[in-house]
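In the numbering used here, the protein residues as written are 488 to 563.
Shown next, in structure tokens, is the structure this report addresses.
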């Protein structure tokens, strides 16, 4: 049987513990934090690129519209 313990710690307490870690563990912790930040930023970036679904008919319609504009400018 496993028992879970919950502790409330402040940022300063965590910082104090981190400062006591050996350099190797600090480096490892830094890499893990960087991965977490990169994942968060990537997720945010990907969400910013989400758009409504594109349908081939919409794309074709837009292409034809642009072609018509170009044709009219050239022969106008």
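The C-beta atom is built at its ideal place from N, Cα and C for all residues, glycine as well.
Computed from a predicted model, the values in this text were never measured in an experiment.
C-alpha gap between residue i and residue j, whole angstroms
i	j	result
residue 500	residue 493	15 Å
residue 507	residue 514	13 Å
residue 558	residue 550	12 Å
residue 509	residue 519	16 Å
residue 524	residue 505	18 Å
residue 561	residue 547	21 Å
residue 545	residue 528	31 Å
residue 490	residue 496	19 Å
Boundaries of the alpha helix (DSSP H) in which residue i is found, first to last residue
i	result
residue 555	543 to 562
residue 519	510 to 536
residue 504	498 to 507
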